[in-house]
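Visitor:
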Amino acid sequence: MAVISRRLAGALVAAGLACGAAPGLARADRLVLSVSQPEVRITSGFTGADLVLFGVAEPEGATGAADVVVTVRGPRETFITWRKTRILGLWVNSDSRTFLEVPAFLSVQSSRPTAEMAGADALRAGQIGLERNIFMQRVGTDFADSVPTDLFRSAFLRIQSAQGFYGENPRGVSFLAPNVFRSEISIPGTAPLGRYEIEVALLRAGRVSATATTTFNVQKTGFEQKIAEFSQHNGLLYGLAVALGSLVVGFFGNLLFRKE
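Count along the sequence shown from 1, add 495, and you get the number used in our numbering.
#1: Which residues share a DSSP beta bridge with F604?
#2: Take N749 and list the residues in its own chain whose beta-carbon comes closer than 8 Å to its own, dropping the five residues that flank it on each side.
#3: Can you give me the C-alpha to C-alpha distance between G625 and G730, rounded to a whole angstrom?
#4: For Q658, which of helix, strand or coil comes out of DSSP?
#5: Take Q655 and list the residues in its own chain whose beta-carbon comes closer than 6 Å to its own, dropping the five residues that flank it on each side.
#6: So, at 8 Å on beta carbons, what are the nonlocal neighbours of L618 in its own chain, with the 5 sequence-adjacent residues on each side left out?
#7: Which whole-angstrom value is the C-beta distance of V567 and K579, which I expect to be below 8 Å?
#8: Go ahead and pull the three-state DSSP assignment for D590.
#9: With a cut-off of 8 Å, do at least 3 Cβ pairs link the stretch 703-710 to the stretch 669-683?
#10: By how many angstroms is the C-alpha of F549 removed from the C-alpha of Q604?
#11: Counting C-beta neighbours from all protein chains within 10 Å, is the total for E694 16 or more, i.e. buried, or is it exposed?
#12: How far does the beta strand (DSSP E) with D616 in it reach, from first residue to last?
#13: Where does V535 sit, in a helix, a strand or coil, going by DSSP?
#14: If F600 and P533 are in contact, beta carbons under 8 Å, what's the gap, nearest whole angstrom?
#15: Specify the secondary structure class of T609 as computed by DSSP and reduced to three states.
#16: Closest to A650 by C-alpha separation, out of G559, T576, L546 and V564, would be which residue?
#17: For P665, which of G659, E679 and A657 has the nearest alpha-carbon?
#18: Could you check the C-alpha separation between Q622 and I629 for me, to the nearest Å?
#19: Let's test the definition: count the other Cβ atoms within 10 Å of the Cβ of F594 and tell me whether it reaches 16, buried, or not, exposed.
#20: Less than 8 Å between C-beta atoms, sequence neighbours within five positions excluded: which residues of the same chain meet that for R607?
#21: R677 and V547: beta carbons closer than 8 Å?
#22: Should E555 and R525 be called a contact, given that it needs their Cβ atoms to be closer than 8 Å?
#23: Short of 7 Å in beta carbon distance, which residues of its chain neighbour L671, apart from the five on each side in sequence? Order them along the chain.
#24: Who are the near neighbours of E553 in its chain, counting only those whose CB is closer than 8 Å to its CB and skipping five residues on each side?
#25: Between the Cα of T573 and those of G701, M631 and G740, spot the shortest distance and give me the residue it belongs to.
#26: State buried or exposed for V535, treating a residue as buried only when at least 16 other CB atoms are found within 10 Å of its CB.
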């Protein structure tokens, strides 16, 4: 009986040591996020909007300097990237690659260059950085994310960046205090409508210590919203109205500018 008691006591001590060690092994942070504008309303004079994200990292035993990466992903869409080939002196589309359900808007803001925060494997696993996001593609009958050096992938990123829908700012996150940070998110005037997700990753000592997400919406309002809703629910009538309106405008334009 004494032997069993000693063994039970030893097991309890070991369990207690394990529980005591667990906080040290699982030291992390808790993130609290707040976005200045949970809804962006688009009107006829909309030219863009700037949102501010505030975050607080509550260390729960975590130590070391913190790095923060803010990734904003817009509604998912399907895109086709074409490759042109010169044939008989003319540039024609010869090959294409379809990108399936990828973010129509993607912005990455960080407190410093992401390549300096952690190893390549950790960054890739967390999709930290513009180049490390996953862009699912249809390659023949297969579906996969190609290597970063893939020509179609590079062209897709270049086109989206040139249009202002993709971007990365290695100094886009600033610390107001040791555990308080902010980041500005610029939404272009041609931003796609829908729900946007903000994912924040906090890294310490080369590993992700905490993640948190929040959202905001981009939608039309007023007369523009009513027209958009009408076109979605009454496609045939909307098409007829547009065609009729074009005929009326053309008719009156001809009356005003015709030469006698």
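Every residue gets a Cβ at the ideal spot worked out from N, C-alpha and C, and that includes glycine.
Guide: On the basis of the data shown:
#1: Along the sequence shown, one-based indexing puts residue 604 at 109. Sequence check: residue 604 is Gln here, not Phe. DSSP lists V565 and N664 as partners of Q604.
#2: Translated into positions along the sequence shown, residue 749 becomes position 254. None.
#3: Against the sequence shown, residue 625 aligns to sequence position 130. Against the sequence shown, residue 730 aligns to sequence position 235. In the sequence under discussion, the amino acid at residue 625 is Leu, which differs from the Gly named in the question. Rounded to the nearest angstrom, the two C-alpha atoms are 37 Å apart.
#4: Residue 658 sits at position 163 when you count from the first residue of the sequence shown. Of the three classes helix, strand and coil, the one that applies to Q658 here is coil, per DSSP.
#5: On the sequence shown, residue 655 is found 160 positions in, with the first residue counted as 1. Around Q655: Y661.
#6: Here residue 618 corresponds to residue number 123 of the sequence shown, with the count starting at 1. T609, A610, M612, G624 and R627.
#7: Position 72 of the sequence shown holds residue 567. Position 84 of the sequence shown holds residue 579. Not really, about 31 Å apart at Cβ, beyond 8 Å.
#8: On the sequence shown, residue 590 is found 95 positions in, with the first residue counted as 1. DSSP places D590 in strand when its eight states are reduced to three.
#9: no
#10: Translated into the one-based positions of the sequence shown, residue 604 becomes position 109. Translated into the one-based positions of the sequence shown, residue 549 becomes position 54. Each residue's alpha carbon lies about 13 Å from the other.
#11: Numbered from its first residue, the sequence shown carries residue 694 at position 199. By the neighbour-count rule (16 or more Cβ atoms within 10 Å), E694 is buried.
#12: In the sequence shown, counting from the first residue as 1, residue 616 sits at position 121. It is not in any beta strand (DSSP E) - D616 instead sits in the alpha helix (DSSP H) that spans A615 to A620.
#13: In the sequence shown, the residue the question calls residue 535 occupies position 40. In this structure, V535 counts as strand in the three-state DSSP scheme.
#14: Taking the first residue of the sequence shown as 1, we reach residue 600 at position 105. Taking the first residue of the sequence shown as 1, we reach residue 533 at position 38. Incorrect: roughly 16 Å between the Cβ atoms, too far for contact.
#15: For the purposes of this step, residue 609 is taken as residue 114 along the sequence shown, with counting starting at 1. Note: T609 maps to helix in three-state DSSP.
#16: Numbered from its first residue, the sequence shown carries residue 650 at position 155. Ranking G559, T576, L546 and V564 by Cα distance to A650 puts T576 first.
#17: On the sequence shown, residue 665 is found 170 positions in, with the first residue counted as 1. Answer by Cα proximity: E679.
#18: The count along the sequence shown starts at 1 and reaches residue 622 at position 127. The count along the sequence shown starts at 1 and reaches residue 629 at position 134. Taking the straight line from one Cα to the other gives about 7 Å.
#19: Here the question's residue 594 lines up with position 99 in the sequence shown. Buried, since its Cβ has 16 or more Cβ neighbours within 10 Å.
#20: Sequence index remark: in the sequence shown, residue 607 carries index 112 (1-based). Within the same chain, R607 has close Cβ partners D562, P665 and R666.
#21: Here residue 677 is taken as the residue at index 182 of the sequence shown, counted from 1. Here residue 547 is taken as the residue at index 52 of the sequence shown, counted from 1. Yes. Within cutoff.
#22: Position 60 of the sequence shown, counted from the first residue, corresponds to residue 555. Position 30 of the sequence shown, counted from the first residue, corresponds to residue 525. Closer than 8 Å, so yes.
#23: Sequence index remark: in the sequence shown, residue 671 carries index 176 (1-based). Around L671: R677.
#24: To locate residue 553, count along the sequence shown from 1; it is residue 58. Result list for E553: D524, R525, L526, V527 and N674, in chain order.
#25: Along the sequence shown, one-based indexing puts residue 573 at 78. If we check each option's Cα against that of T573, M631 comes out closest.
#26: In the sequence shown, the residue the question calls residue 535 occupies position 40. Buried, because 16 or more other Cβ atoms sit within 10 Å of the Cβ of V535.
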